[in-house]
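*Asks:* Encoded as structure tokens, here's the structure I'll be asking about.
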Amino acid sequence: MTARSVGYMLLAGLGYWLLGAAAGFFTIPPGYASPIWPAAGWAVICCIRFGWPALLGVFFASFYLNIQFSNASLLQPSIAWVVAGFIALGAVCQAGLASYCAKRFALSAHGDAITVNPVKLALVIGPLASLMSPTVGISTLVSFDIVPVQSASLNWLHWWIGDAIGAMAFAPFISLMSMADHWSAPRRVLVFLGFYVLLIALVSLTFVQSRTAEEQRIENVFNEQVETAHQSILKQLQAITFAGRSIASLFETFPAVEYTQFNHYAQGVYEYIPGSQGIGWVPVVADASRHTFEQAMAQALGERFEFKELYQGSMVSASTRERYYPVYYIFPFEPNRRAAGFDLGSNSERLIAIQQLISSRAEVITAPITLVQETGNQRAFLLFTPIESNNKISSFVSSVYRAEDLLLAGVPESVIDTVGIVITDVTANDDPQALYGGETGKVIYEVVRSVDFGQRTWQIRYSIGENYVAQHQTSTVWFVLIIGFIVVIVFGLFILQILNSHSLIKHEVRVKTLALEEALQVAKDANSVKTNFLACMSHELRTPLNSIIGFSVRCLKILSPSHDQKLITAITVIERNGQHLLGLINDVLDLAKVEAGKMTITKAPIDIAATMDEVVTTLQPLVDDKPIEIKVKTPPLNTILADQQRFKQIFINLGANAINFTREGRVQIDYALETTKGKQALRINVRDTGIGIAKEHVAKVFQRFEQVGEQFQPGSLGSGLGLALVHEFVTLHGGRIKVTSEVGRGSVFSVWLPIDTEAEQ
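Read left to right, the sequence shown gives residues 1 to 761 (full-length UniProt numbering).
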């Protein structure tokens, strides 16, 4: 590999890795995959620009990214290496396919420039080529049991959407890169790029705001559920406190409450408080009274009863001690049979609570404990409510509650299933004890509340994880991101298509203009050669022709009428045709001067009537043998500012043309004063009664070497230059000429010449 190839590989790989890492910006919790994968577009643009070295860079960057995503080690080979390798291979195949399709279907050579169809480019590198990577990637993940088969199609769709949009986002950049050679307006391109990047930034900002709003909405829903759950727990605690006090008031009101009476009263309270494990009465029994209490309860139960304690997981007879705190009455009995007679003072945790109860004479709860009658693994607590007699604590009510049962009784099941609730006894800061804990996995949001109850402090931690967010999440964020990017991409491609078309048109115009300029220069050179040739040839022809005319005139003067008439006629024809040929040569010379820009006119006041008489005198020989009358009306002006020679030639040519196309009738010259564009002008009309000109031929009469209609004097055929010279001379005078004609009725040639005020006066 050359140094340049290595550079291309590093550039492609580094860009792919950076964009892949930046794609995490668009991650929508609770997922980890980004709905937009701009690295796919970078891979395509590098492959088109740099070729195969870019594919190597893409492979290594994709491999490294997937190792990072899987939290695998780059130093210790594992299955993750194989998975990452196949996914990287899919990314390389996708970039190569996109590059091929772009060159095959969207990029084409147009002369010396590359033309791009931006829309087709976006489609082939986006939705089409992006079928490759998700297909290879998801197949690999399913094969290695990383993605379940049932969710493969949805994961494939998300992958395809991310790659397609990421690639399409780079379509404008690929287009600009390919068309850089023929951009005629770089500033517009820079404005477009800036605007396009700004739109992407705006969409990204909108996405962030939408994602934040969605997260806030979910958090608000969670907070509402937390508030509901917390209030439910507080109400439950109030209810169980009330229940304990109700039982305590029974014993304070009636000093001797029988077992059956207790059961009857406790049943009503128990049914009122859902979630209760049991309600018991615990007397404070001195050692001397132990046997009496045991015998009385045995008689009430009709079975053996004794004070017990827990020893190595089994209930045994309570050891002798100064004072006992047995669970004497308990309802319901059967679920709590194991706890009947249990000396609460035999357990240190319970004894601490009892001592606190006696000293404070107020409700107290135990630290989190495991009930002796517990068959599962629930944690529980006991609520002790004091019963006073003779100003001392003679007994107390023991209300038994398992934490999970208490929560299920008060908190909606939907909250229990989706919200993680962890209750911890934090009365002793250095020794927190778990009372209840629900698993939520990775915590995304949490709220912590403190509750003071029964002279202890609970910390209740409410939290939600990925499942909760997934259940409550809407598609709004996805819609904003994906639709936003699609709209920006389509808008960018539309503007780019316009810029591309405009640039291509300018490029073609520039190329064709250069070609036309070259052709024009060639034509000018050829015309210059032609003009010079005509001028030279005209001079060369005029010299011998003047000799012929001169000798012909001289011969006619010498010969008398008595000489041979055939000879005289022949010499006359020679002289007349020589004059005609000389006129043609002069016309050619005049046109050559006009084309060369050397034709000038010298304006001076001329007598219009006198000049027209000279014109008629010149034309008179042309009508001597024809039944045609030449009539000239009196001009409304005496003089006009013009070049006398060219003025005469204008009307000689017009008159000769009129005579040539008229069999009989008249040729008339008349005048009229008119105002044209705010300026005074003299209109001079040359009218004839000839054959007229067809409408389709009118536009050709002033073109060089154009002859329309039928010539009536075979001996005086025109060259097609007379009227062309008329048009040029009129234009040089600042005037204009127009022809109107009707076939069979004649023609009118109207010449407008500007009037100079001083010349008129």
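Built from N, CA and C at the ideal position, the CB exists for glycine as well.
Source: prediction; values computed, not measured.
Near L320, what residues of its chain come up, given a Cβ to Cβ distance below 7 Å and the 5 sequence neighbours on each side ignored?
*Replies:* As a first step, residue 320 is located in the sequence shown; it is residue number 320 there, counting from the start. For clarity, residue 320 is Thr in the given sequence; the question names Leu instead. Closer than 7 Å at the Cβ level, and outside the excluded window around T320, lie D287.
*Asks:* With K308 and A298 assumed to form a contact (beta carbons below 8 Å), what rounded beta-carbon distance in angstroms separates them?
*Replies:* On the sequence shown, position 308 is the one that residue 308 refers to. On the sequence shown, position 298 is the one that residue 298 refers to. Between A298 and K308 the Cβ distance is about 13 Å, and since that is not below 8 Å, they are no contact.
*Asks:* Ignore the nearest five residues each way along the sequence and tell me which others in I28's own chain have a CB closer than 6 Å to its CB.
*Replies:* As a working note, residue 28 is residue 28 in the sequence shown. The answer, listed in chain order, is V477.
*Asks:* Within this structure, are the beta carbons of Q680 and I574 separated by less than 8 Å?
*Replies:* Here residue 680 refers to the residue found at position 680 when the sequence shown is read from its first residue. Here residue 574 refers to the residue found at position 574 when the sequence shown is read from its first residue. No; because the gap between Cβ atoms is not below 8 Å, this pair is not in contact.
*Asks:* By Cβ distance below 6 Å, which residues in the same chain neighbour A88 in space, the five residues on each side in sequence not counted?
*Replies:* Position 88 of the sequence shown, counted from the first residue, corresponds to residue 88. Closer than 6 Å at the Cβ level, and outside the excluded window around A88, lie F59, S62, F63.
*Asks:* Which same chain residues, not among the five before or five after L541, have their C-beta less than 7 Å away from its C-beta?
*Replies:* Locating residue 541 in the sequence shown gives position 541, where the first residue counts as 1. Cβ neighbours of L541 beyond the five flanking positions: I585.
*Asks:* So the alpha helix (DSSP H) K392 belongs to, where does it begin and stop?
*Replies:* Start at 1 with the first residue of the sequence shown, and residue 392 comes out as number 392. Where K392 is concerned, there is no enclosing alpha helix (DSSP H), although the beta strand (DSSP E) it sits in stretches over 392-402.
*Asks:* Can you tell me where the alpha helix (DSSP H) with I67 in it begins and where it stops?
*Replies:* Reading the sequence shown from its first residue, position 67 is the one you call residue 67. Residues 52-69.
*Asks:* Roughly how many angstroms lie between the CA atoms of T466 and K442, to the nearest whole one?
*Replies:* Numbered from its first residue, the sequence shown carries residue 466 at position 466. Numbered from its first residue, the sequence shown carries residue 442 at position 442. The displayed chain sequence assigns Glu, not Thr, to residue 466. Each residue's alpha carbon lies about 7 Å from the other.
*Asks:* Among the candidates F551, H472, P621, A604, whose CA atom is the shortest distance from the CA of E215?
*Replies:* Residue numbering aside, residue 215 sits at position 215 when the sequence shown is read from its first letter. Nearest of F551, H472, P621, A604 to E215, Cα basis: H472.
*Asks:* Would the segment 75-95 count as touching the segment 152-160 if we require 3 or more Cβ pairs under 8 Å?
*Replies:* Too few Cβ pairs lie closer than 8 Å, so no.
*Asks:* In whole angstroms, what is the alpha-carbon distance linking V739 and I628?
*Replies:* Taking the sequence shown and counting its residues from 1, the one referred to as residue 739 is at position 739. Taking the sequence shown and counting its residues from 1, the one referred to as residue 628 is at position 628. Their Cα atoms are separated by approximately 21 Å.
*Asks:* Check the DSSP bridge columns for T639 and list the partner residues they point to.
*Replies:* Residue mapping note: residue 639 aligns to position 639 of the sequence shown, counting from 1. T639 pairs with D607.
*Asks:* Can you give me the start and stop residues for the beta strand (DSSP E) that L310 sits inside?
*Replies:* The residue you call residue 310 lines up with position 310 of the sequence shown. Note, L310: beta strand (DSSP E), 308-311.
*Asks:* Between Y272 and the ligand MN, is there a pair consisting of the residue's CB and a ligand heavy atom that are separated by less than 7 Å?
*Replies:* Here there are no bound small molecules, and the ligand MN is not part of this structure.
*Asks:* V124 to I489, Cα distance in whole Å?
*Replies:* Taking the first residue of the sequence shown as 1, we reach residue 124 at position 124. Taking the first residue of the sequence shown as 1, we reach residue 489 at position 489. V124 and I489: Cα-Cα distance of roughly 14 Å.
*Asks:* Are three or more beta carbon pairs between the segment 480-498 and the segment 453-470 nearer than 8 Å?
*Replies:* Flag = no, the segment 480-498 and the segment 453-470 do not touch.
*Asks:* Please go through the same chain and pick out, in chain order, the residues whose beta-carbon is closer than 8 Å to the beta-carbon of Q135, but skip the five residues on each side of it.
*Replies:* Here the question's residue 135 lines up with position 135 in the sequence shown. Contrary to the premise, residue 135 reads as Thr rather than Gln in this sequence. Cβ neighbours of T135 beyond the five flanking positions: G90, W156.
*Asks:* To the nearest angstrom, report how far apart F342 and G420 are at their CA atoms.
*Replies:* On the sequence shown, residue 342 is found 342 positions in, with the first residue counted as 1. On the sequence shown, residue 420 is found 420 positions in, with the first residue counted as 1. Going from the Cα of F342 to the Cα of G420 covers about 34 Å.
*Asks:* Could you pull the DSSP bridge partners for L682 from this structure?
*Replies:* On the sequence shown, residue 682 is found 682 positions in, with the first residue counted as 1. Paired residues: L673, L753.
*Asks:* Whole angstroms are fine: how far does the CA of Y445 sit from the CA of K392?
*Replies:* As a position in the sequence shown, residue 392 is number 392, starting the count at 1. As a position in the sequence shown, residue 445 is number 445, starting the count at 1. Between K392 and Y445, the C-alpha separation is close to 49 Å.
*Asks:* Quick one: what's Q433 bridged to in DSSP?
*Replies:* Reading the sequence shown from its first residue, position 433 is the one you call residue 433. According to DSSP, Q433 bridges with D425.
*Asks:* Less than 8 Å between the C-beta atoms of N653 and G722, yes or no?
*Replies:* Position 653 of the sequence shown, counted from the start, is the residue given in the question as residue 653. Position 722 of the sequence shown, counted from the start, is the residue given in the question as residue 722. Their beta carbons are under 8 Å apart, which means N653 touches G722 by this criterion.
*Asks:* Compute the Euclidean distance between the alpha carbons of I423 and E388, then round it to the nearest angstrom.
*Replies:* Counting from one through the sequence shown, the residue named residue 423 turns up at place 423. Counting from one through the sequence shown, the residue named residue 388 turns up at place 388. Using only the alpha carbons, I get a separation of about 32 Å.
*Asks:* Please specify which runs of the alpha helix (DSSP H), each continuous and at least 4 residues long, are wholly inside the segment 279-350, giving them in chain order.
*Replies:* The segment 279-350 contains these whole alpha helix (DSSP H) runs: 290-301.
*Asks:* Can you have a look at D625 and say buried or exposed, based on whether 16 or more other CB atoms are within 10 angstroms of its CB?
*Replies:* Position 625 of the sequence shown holds residue 625. Exposed.
*Asks:* With a CB to CB cut of under 7 Å and the five nearest residues on each side skipped, what residues in its chain are close to L97?
*Replies:* By 1-based counting over the sequence shown, the position of residue 97 is 97. Same-chain partners within the cutoff: A129, M132.
*Asks:* Buried or exposed: Y16, going by 16 or more other Cβ atoms within 10 Å of its Cβ?
*Replies:* One-based indexing of the sequence shown puts residue 16 at position 16. So Y16 counts as buried.
*Asks:* Start and end of the beta strand (DSSP E) containing P386?
*Replies:* Locating residue 386 in the sequence shown gives position 386, counting from the first residue. Note, P386: beta strand (DSSP E), 380-389.
*Asks:* If we count the other Cβ atoms within 10 Å of its Cβ and call it buried at 16 or more, is N336 buried or exposed?
*Replies:* Reading the sequence shown from its first residue, position 336 is the one you call residue 336. It counts as buried.
*Asks:* The alpha helix (DSSP H) that contains S133, what's its start and end?
*Replies:* Looking up residue 133 in the sequence shown gives position 133. 132-143 is the span of the alpha helix (DSSP H), which, as asked, contains S133.
*Asks:* Check this for me: beta carbons of S232 and G410, under 8 Å apart or not?
*Replies:* Numbered from 1 along the sequence shown, position 232 holds the residue referred to as residue 232. Numbered from 1 along the sequence shown, position 410 holds the residue referred to as residue 410. Taking 8 Å as the Cβ cut-off, S232 and G410 qualify as a contacting pair.
*Asks:* If I measure Cβ to Cβ from G13 and keep anything under 6 Å in the same chain, skipping five residues before and after, which residues do I get?
*Replies:* Looking up residue 13 in the sequence shown gives position 13. Only G57, F60, A61 meet the Cβ criterion.
*Asks:* Can you tell me the Cα-Cα spacing of W458 and V149, whole angstroms?
*Replies:* By 1-based counting over the sequence shown, the position of residue 458 is 458. By 1-based counting over the sequence shown, the position of residue 149 is 149. When rounded, the distance between both Cα atoms is 44 Å.
*Asks:* So F749 packs on A724, CB below 8 Å; how close in whole Å?
*Replies:* Translated into positions along the sequence shown, residue 749 becomes position 749. Translated into positions along the sequence shown, residue 724 becomes position 724. With a Cβ gap of about 13 Å, F749 and A724 do not count as contacting.
*Asks:* Would you mind reading off the limits of the alpha helix (DSSP H) that contains E466?
*Replies:* Locating residue 466 in the sequence shown gives position 466, where the first residue counts as 1. It spans 466-472 - the alpha helix (DSSP H) in which E466 sits, taken as one unbroken run.
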